[in-house]
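Notes to accompany the following structure.
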Amino acid sequence: MRYLAGTCLTLLWFGHVDAQPAAQGVLGTERATVPRFEMEYVAPQVHKWYAPRHLAESYWQPWHATDARYATQPYTRYVDRLLEGDDFYDVLGSPVGRGWLVYSWTQEQPQSRGSFIVKAPRRDVRNSSEASTLGTDRALPAYDRFFGRLVIAGDQRGGATYRLMVGDQINTLFTPLTFNKPRYNGLRLDIASARHSATLLLSRVSDPNGLTDAQAGTSVSGNGTNATHLFGGHVDLSLGALTRMGLTYVNVHNAHTQLDLNDGNPLSGTLTVLQNQPLRKLWVRLRDDSPADRSDGAVLLAHDIVLIDTSGRQLRGSEIGFLPRIEGGVQRGGALGADGSEHILLEYDLATLNAEGVRSADLRSARVELDVANDYRVEVASNLQRDDRGSAANTVFTTQLRSPGNVRDRSNTGVVTVDYGLPVATEVIGVDWNLPQWRGLSLKGEVAVNRRLRRYPNPALDRHHQEIQQAGAGYAHLAYQRDPWLLFVETFSIDDEYTTSHLVTDPGGLLYYGAAIPRLYEFVDDDDDFNGVPEWQRPFQPSSGGHAWPGFDENGDFINDHNQNGNFIPDYEEPFLRFGSDRPELFSLRWSAPGAPLRRHAALLVDGEWLLERGMVE
Numbered sequence: 313m314r315y316l317a318g319t320c321l322t323l324l325w326f327g328h329v330d331a332q333p334a335a336q337g338v339l340g341t342e343r344a345t346v347p348r349f350e351m352e353y354v355a356p357q358v359h360k361w362y363a364p365r366h367l368a369e370s371y372w373q374p375w376h377a378t379d380a381r382y383a384t385q386p387y388t389r390y391v392d393r394l395l396e397g398d399d400f401y402d403v404l405g406s407p408v409g410r411g412w413l414v415y416s417w418t419q420e421q422p423q424s425r426g427s428f429i430v431k432a433p434r435r436d437v438r439n440s441s442e443a444s445t446l447g448t449d450r451a452l453p454a455y456d457r458f459f460g461r462l463v464i465a466g467d468q469r470g471g472a473t474y475r476l477m478v479g480d481q482i483n484t485l486f487t488p489l490t491f492n493k494p495r496y497n498g499l500r501l502d503i504a505s506a507r508h509s510a511t512l513l514l515s516r517v518s519d520p521n522g523l524t525d526a527q528a529g530t531s532v533s534g535n536g537t538n539a540t541h542l543f544g545g546h547v548d549l550s551l552g553a554l555t556r557m558g559l560t561y562v563n564v565h566n567a568h569t570q571l572d573l574n575d576g577n578p579l580s581g582t583l584t585v586l587q588n589q590p591l592r593k594l595w596v597r598l599r600d601d602s603p604a605d606r607s608d609g610a611v612l613l614a615h616d617i618v619l620i621d622t623s624g625r626q627l628r629g630s631e632i633g634f635l636p637r638i639e640g641g642v643q644r645g646g647a648l649g650a651d652g653s654e655h656i657l658l659e660y661d662l663a664t665l666n667a668e669g670v671r672s673a674d675l676r677s678a679r680v681e682l683d684v685a686n687d688y689r690v691e692v693a694s695n696l697q698r699d700d701r702g703s704a705a706n707t708v709f710t711t712q713l714r715s716p717g718n719v720r721d722r723s724n725t726g727v728v729t730v731d732y733g734l735p736v737a738t739e740v741i742g743v744d745w746n747l748p749q750w751r752g753l754s755l756k757g758e759v760a761v762n763r764r765l766r767r768y769p770n771p772a773l774d775r776h777h778q779e780i781q782q783a784g785a786g787y788a789h790l791a792y793q794r795d796p797w798l799l800f801v802e803t804f805s806i807d808d809e810y811t812t813s814h815l816v817t818d819p820g821g822l823l824y825y826g827a828a829i830p831r832l833y834e835f836v837d838d839d840d841d842f843n844g845v846p847e848w849q850r851p852f853q854p855s856s857g858g859h860a861w862p863g864f865d866e867n868g869d870f871i872n873d874h875n876q877n878g879n880f881i882p883d884y885e886e887p888f889l890r891f892g893s894d895r896p897e898l899f900s901l902r903w904s905a906p907g908a909p910l911r912r913h914a915a916l917l918v919d920g921e922w923l924l925e926r927g928m929v930e
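When the count follows the numbering used here, it moves up by one through the sequence shown with no breaks and lands on 930 for the last residue.
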């Protein structure tokens, strides 16, 4: 339509009759007349436009009419229109731009299967020209192949610089106690000014890469209803010429796409589909927290359960006759004891609860009160804490409370409360500081608080009872130098309950509390040899298989330099041809040392004999 309209206007210009004299110019006829009101071209050109044309474009020169002085003008490669991609529009139908879809993460709520990630989008070939140019494969793996699983976009405005990255293996470090992952998978935004900087992280840590659709050859997420999300950030503030202070917040929580996005605080987490079921069984187990000494273990003096229904009414098990079945333990002076490998198990059958019209489906919360003493460990489990699906699944206990120290004289006798709930979120809040040098004083440290959020399951409720457990950790380094003296002090403290891991859910909502490969997302990875590959195995990330060799991977191939063939026998202890074929520089120019053979050196001959064998001396 634009081409035809342009032609009509040109024809009108040629058909205009003017009595004024005309001058013939290089670009066409020029008339010295009064100003005209018609839209016209100086020289008609035929173009193909792929977007709505603006008035200014009417006076631009086409690409083939511009000069080619590449010393002053950058060379621009001509791009075939098939490689320009597709047109994209917003929700109102306005054009956004033209290009290729590389990465897409969609979260639609409330909707079933609303979490969707695409890294290799599916695109149907539309004609034979595209088939000859792009091939017939409907998958466009630009993210994997062209970008190498790392896309970086940058911008600068004023004194601030921005970097947006999407990748599978991004080295990300906040602080040692909060977040440190050599292979972070997700989105990362960095902002920096002259004095301050900040980093923002977003990721779906449960299945961040997507499942493989064999039929279409694409990488998608499988449209999961349940997902585990990561939200984190770190701010680095300058407090002077040298002093810096950092603020860190990292949160991993479960999300349920069938709920409204504004239904409560999303960072507090929600129960998954399979978590949010009425409890049928509840177990509380007491064990010796130091079983190696086989004495003075856990002592249980009394117990009771407190049930609260949806109306807020409180029921005590001892008052309504709801008592547990007790297994294990040894009677000692009117109390139950468990030493060494022994245990005391309290089983509450909530499926049979029917007191004053209250059943398990009517409960808002359940807590167990225990009067305990000595060196105890309290663990809980329910029919919803399993390690697999179906009849092969086993019940998994998780630790809730531990005695502060190995107490043997019952001096810590008291009532402890176990408020039951399933894990929905884990977060870490930290503050760090660094003073490199001030009048000989150097100071560096960090303080962090870990919060673990749990909720009691009940599908009849929109807002579930929440329980929060806290633990702290911190360290500090202080150095003072005044010649010739140097003072260095280090202190640290880490609570036993402090954790930087969270259980991830599968798209169906199942949490595996016990698995051969722990289904945990680690805030701080175990990378002892600093080669960028964690030693432990976790889902959706590479692993070294538990092997670490600090300092023995100089060539960076992630293989031990002393065991290149992977047979668990050091290369310097097995016969091979390296000593007879490789250059001497490979084994060091100093070929031996008395009593201590050098690295990669065949210390089978003394120096003189080795030189004779290599033909270096006569």
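Cβ atoms here follow ideal geometry from the backbone N, Cα and C, with glycine treated the same way.
Whose CA, out of the options, lies closest to the CA of residue i?
| i | options | result |
| --- | --- | --- |
| residue 486 | 745, 554, 778 | 745 |
| residue 551 | 518, 509, 543 | 509 |
| residue 623 | 668, 639, 411, 845 | 668 |
| residue 682 | 565, 705, 701, 658 | 658 |
| residue 503 | 810, 466, 613 | 466 |
| residue 592 | 719, 645, 707, 835 | 707 |
| residue 464 | 472, 476, 768, 664 | 476 |
| residue 803 | 785, 814, 407 | 785 |
| residue 680 | 648, 521, 635 | 635 |
| residue 832 | 570, 691, 565 | 565 |
| residue 603 | 582, 637, 650, 578 | 650 |
| residue 576 | 774, 814, 843, 420 | 774 |
| residue 736 | 816, 787, 750 | 816 |
| residue 932 | 700, 876, 563 | Residue 932 lies beyond the stretch modelled for the chain, which goes from 313 to 930, so this question has no answer here. |
| residue 560 | 461, 492, 455, 837 | 492 |
Rounded to a whole number of angstroms, what is the C-alpha to C-alpha distance between residue i and residue j?
| i | j | result |
| --- | --- | --- |
| residue 430 | residue 413 | 9 Å |
| residue 422 | residue 573 | 7 Å |
| residue 743 | residue 812 | 16 Å |
| residue 495 | residue 824 | 23 Å |
| residue 909 | residue 879 | A caution first: residue 909 carries a pLDDT of 40, below 50, which makes its placement in the model too unreliable to give a value. |
| residue 609 | residue 754 | 45 Å |
| residue 709 | residue 546 | 34 Å |
| residue 874 | residue 499 | 37 Å |
| residue 470 | residue 428 | 36 Å |
| residue 522 | residue 382 | 45 Å |
| residue 654 | residue 799 | 49 Å |
| residue 705 | residue 474 | 48 Å |
| residue 580 | residue 752 | 45 Å |
| residue 723 | residue 805 | 24 Å |
| residue 294 | residue 749 | No statement about residue 294 is possible, as the shown extent of the chain runs from 313 to 930 and does not include it. |
| residue 401 | residue 410 | 9 Å |
| residue 767 | residue 542 | 19 Å |
Quick one, are the C-beta atoms of residue i and residue j less than 9 Å apart?
| i | j | result |
| --- | --- | --- |
| residue 738 | residue 763 | yes |
| residue 781 | residue 761 | no |
| residue 841 | residue 847 | yes |
| residue 672 | residue 620 | no |
| residue 607 | residue 689 | no |
| residue 539 | residue 518 | yes |
| residue 778 | residue 733 | yes |
| residue 850 | residue 830 | yes |
| residue 625 | residue 670 | yes |
| residue 687 | residue 795 | no |
| residue 661 | residue 637 | yes |
| residue 740 | residue 584 | no |
| residue 501 | residue 544 | no |
| residue 596 | residue 692 | yes |
So residue i is in the alpha helix (DSSP H); what residue range does that whole segment cover?
| i | result |
| --- | --- |
| residue 632 | 629-632 |
Following the continuous beta strand (DSSP E) through residue i, name the residue where it begins and the one where it ends.
| i | result |
| --- | --- |
| residue 580 | Where residue 580 is concerned, there is no enclosing beta strand (DSSP E), given that its DSSP letter is neither H nor E. |
| residue 778 | 778-794 |
| residue 550 | 538-550 |
| residue 753 | 753-767 |
| residue 618 | 610-621 |
| residue 831 | That residue, residue 831, is in no beta strand (DSSP E); it is neither H nor E in DSSP. |
| residue 806 | 797-806 |
| residue 594 | 593-600 |
| residue 412 | Careful: residue 412 lies outside any beta strand (DSSP E) and carries neither H nor E. |
- Write down every uninterrupted run of the beta strand (DSSP E) in the region 631-680 whose length is 3 residues or greater and which is fully enclosed by it, in chain order. 637-640, 642-644, 647-650, 655-661
Practice prompt. Scan the region 487-530 and note each continuous beta strand (DSSP E) run of 3 residues or more that stays entirely inside, going in chain order.
Written response: 491-504, 509-516, 523-525
(message) What ranges does the beta strand (DSSP E) occupy inside the region 710-749, keeping only unbroken runs of at least 3 residues that lie completely in it?
(response) 710-714, 726-731
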